[in-house]
Amino acid sequence: MEPRSVAFRREREGQWFELELLVDKALRGGLRSLEPAELHRLPILYRVALSSLSVARRTAMDRALLSYLEALAARAYLAVYGARRSTRGALRRTLFATFPQRVRALLPELVLATGLVALGTIVAVALMASEPGWYDAFVDPALAGGRDPHASTETLRAALYGGGEQGEGLAFFASFLFVHNAGIGLLCFSLGFAAGIPTALLLFTNGLMLGAFIQLYAERGLLFELGGWLLPHGIPEIGAVILCGAAGLHLGRAVLLPGRRTVRSALAWAGRRGSTVVLGSILLFAIAGLVEGIFRQAVTDDLVRYALAAFNLAWFVPWLALAGRSEGAS
Amino acid sequence: MREDIHATVEIVGPEGVPLSFPRATLAERFVAFALDLVILVSSASLVLLLFLLAGLGVGSLAVVGVGLVFMFLIRHFYFIAFETHWHGSTPGKRLMNLRVVARDGAGLGTDAVVARNLMRDLEIFVPLAIVANPEQVFGPGPWWLLAPTVIWLSVMALMPLLSRDRSRLGDLVGGTRVVRIPIAELPPDEAARSSQPRQSRRADTLAFSVAQLSFYGERELETLAELMRKADQGKATDDDLRVVAQTIADKVGFDGPLPARRPARFLRAFYKAQRAHLERELLFGKRKASKFDEG
């Protein structure tokens, strides 16, 4: 009399060994290393292994067999589902459908993030109006570069037109700005884990800095000129900071108010959605860096600057507000 | 702190069958990360050096600027690029046989990979920068602001030690786990071989009664299988087998000279009969875990 599991194993062994070979190959060289015929066999054999595993768990009294099947199925899972394969047009879909969709899904956090920046701006403007000395508290002297309340109007005006970097220096300046700002954006997201508090602070202090500059130039009657200097790159850049901040606040909300889900699953959900938003924001930072480092330094005409600002607004807002509405949410 | 090296991670794939993976230990993950860090830092420095030299050679600052962007990309996208293109592994992980899997069992998406690696900056690089140069990171902040920041940052960095399942922050935010790729090895089935010598034409039957087979359970069966595997490899002597065979014969009440004269044959026959009996019982939903299990 033979145990049932002996026949069970004898009948299926061949398929298991075939799967083993395919999985070894796929784990070593990725799915791309498989021949078309093998690629076709892999999912079929994977399901065979899964059904063998389920049966063995319920009926087999051979632990060696069971642990083999457990390991084989786990290995095959890694080979089959190790990564979601990207399909044709994945980048286009991410940029023009998934990213804007996920941005729109963050609407409450976007409002809050925008409000925090605006609040910082208003507070700085109000405080500076009563006491210009506040400026030093809001703006890091290293970043101000001599633009402070003690500077003459001429110096301030000169800072708006031609920052001194010429020719070759522009590209370096652009990449420096990109690296610096994108770094802040990434921090805005990851800091959100601490209940969103550091992110909120970061957004608020960015608003303070913005407000301090605005009031500094407004006092001297240079607001229009400042607008031309600030808006062309400010639209993608401040937009990107707000987007990253919103993603960070979303993380914070998952920690504080997970709702019906566990904190764990709410966090993973928020993290995955937020990461797409942050990835898109890095692109925005790159655009802003190029505009700030090259265009703004090279073009000193106020009207041309405003024209670019208008142009930036014209693609930025419709992109985020409208793109991907017709495609299914993902 | 001791870590359970046999801890498992259970993932339910799209087919609905729960799969169990060995959980990667902190030591393994640390080694993998250290390897990746070496590759990352050396490649980033190499790129910067090349661009610096090229910039000096051409006399252009723009080239250095491009190098700066490359450094940023390497620092933030090294892990992301590898984990998306190498099925959830990096050079370090590959060397240690580790893989990242999605906790929900669906395929590992790019968004999960990005999320888990965006947090890495905060877990590793920010604390390192603070340890290296606190003045520069914090500036002149008041202590009541610094103290909570430091505590909070250390909690985040030490998350793998604090969390129940040894997840780091990035794994929580990405909804991922790090597992070790299991090794699948199938030893020959002890019950598939005849208990008779090769030349013998006699049927492979030693009759055991149901009463005799009702004494032992799954645990004893498995111990017996291991003993026979050892005997196959020459790690157990005939005397070892004889002792076990005699004990079993006494316990289940098997009379005759066979256990003493041909212990290997007796044990194999008993194993086959015992396993067939337990599997048959299992079909009726009765499981006997060990001889102490009354069912």
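Sequences listed follow chains H and D, in order. Sequential numbering of the first sequence, starting at 170, is according to my numbering. Sequential numbering of the second sequence, starting at 8, is according to my numbering. We treat Cβ as the ideally placed atom computed from N, Cα and C, and that holds for glycine.
Are three or more beta carbon pairs between the segment 256-271 of chain H and the segment 22-35 of chain D nearer than 8 Å?
no
Are the C-beta of Tyr-250 (chain H) and some C-beta of chain D separated by less than 8 Å?
yes
Since Val-185 (chain D) and Leu-115 (chain D) should fall inside the 8 Å C-beta cutoff, what is the C-beta to C-beta distance between them, to a whole number of angstroms?
11 Å between Cβ atoms; not a contact.
What number of angstroms, rounded off, separates the C-alpha of Ser-321 (chain H) from the C-alpha of Ser-450 (chain H)?
So the alpha carbons of these two residues sit roughly 36 Å apart.
Chain-order list of residues whose beta-carbon lies under 7 Å from that of Tyr-304 (chain H) (same chain, five-residue window excluded):
Excluding positions up to five away in sequence, the list reads Met-297, Asp-317, Pro-318, Ala-381, Leu-385.
One or two residues paired with Phe-86 (chain D) in a DSSP bridge:
Note: Phe-86 (chain D) sits in no beta bridge, so no partner.
Three-state secondary structure (DSSP) at Phe-261 (chain D)?
coil
Is Ile-188 (chain D) helix, strand or coil when you go by DSSP?
For Ile-188 (chain D), the secondary structure class from DSSP, reduced to helix, strand or coil, is coil.
Can you find the residues in the same chain that come closer than 8 Å, C-beta to C-beta, to Val-16 (chain D), ignoring five residues on each side of it along the sequence?
Only Ser-27, Phe-28, Pro-29, Arg-30, Val-108, Asp-172, Arg-184, Val-186 meet the Cβ criterion.
Any C-beta of chain D under 8 Å from that of Val-175 (chain H):
yes
What are the boundary residues of the beta strand (DSSP E) that includes Thr-15 (chain D)?
15-19
Rounded to the nearest angstrom, how far is the Cβ of Val-286 (chain H) from that of Ile-407 (chain H), given a contact under 8 Å?
7 Å
Can you check whether the CB of Ala-293 (chain H) is closer than 8 Å to the CB of Leu-377 (chain H)?
Taking 8 Å as the Cβ cut-off, Leu-377 (chain H) and Ala-293 (chain H) qualify as a contacting pair.
So, with DSSP's three-state summary, where would you put Phe-373 (chain H)?
DSSP places Phe-373 (chain H) in helix when its eight states are reduced to three.
Quick one: residues in its chain with C-beta nearer than 7 Å to the C-beta of Glu-334 (chain H), no 5 flanking neighbours on either side, listed in chain order?
A caution first: Glu-334 (chain H) carries a pLDDT of 49, below 50, which makes its placement in the model unreliable, though a value can still be read off. Counting only Cβ-Cβ distances below 7 Å, and skipping sequence neighbours, we find Phe-342, Gln-466.
Which residues DSSP lists as bridging Val-107 (chain D), in chain order:
Beta bridge pairing from DSSP links Val-107 (chain D) with D:Val-185.
Using DSSP with H/G/I as helix, E/B as strand and the rest coil, what is Leu-26 (chain D)?
strand
For Leu-228 (chain D), would you say it is in contact with chain H, using Cβ-to-Cβ distances shorter than 8 Å as the test?
yes
From this set, H:Arg-326, H:Arg-494, H:Tyr-246, which residue's C-alpha is nearest Gly-20 (chain D)'s C-alpha?
H:Tyr-246
Show which residues of chain D have a CB atom less than 8 Å away from the CB atom of Ala-467 (chain H).
Here the premise fails: no neighbours, minimum Cβ distance about 13 Å.
Is Glu-35 (chain D) helix, strand or coil when you go by DSSP?
Helix at Glu-35 (chain D).
Within its chain, find whatever has a CB closer than 8 Å to the CB of Ala-122 (chain D); leave out the 5 residues flanking it on each side and keep chain order.
Gly-177, Val-180, Gly-181, Gly-182
Using only the alpha-carbon positions, how far apart do Leu-56 (chain D) and Val-48 (chain D) sit?
Here the alpha carbon of Leu-56 (chain D) sits roughly 12 Å from the alpha carbon of Val-48 (chain D).
Among residues of its own chain, excluding the 5 on either side of Val-70 (chain D), which ones have a beta-carbon nearer than 7 Å to its beta-carbon?
Phe-58, Ala-61, Gly-62
Euclidean distance between Cα positions of Trp-185 (chain H) and Asp-193 (chain H):
12 Å
Contact set between Tyr-237 (chain H) and chain D, taken where Cβ atoms lie within less than 9 Å
Ala-191, Glu-192, Leu-193, Pro-194
Would you give the residue range spanned by the alpha helix (DSSP H) that Ile-451 (chain H) belongs to?
From DSSP, the alpha helix (DSSP H) with Ile-451 (chain H) extends over 432-459.
Taking Ile-188 (chain D) as the query, report the chain H residues whose CB atoms sit under 7 Å from its CB, ordered along the chain.
Within 7 Å Cβ-Cβ: Leu-196, Arg-244, Leu-247.
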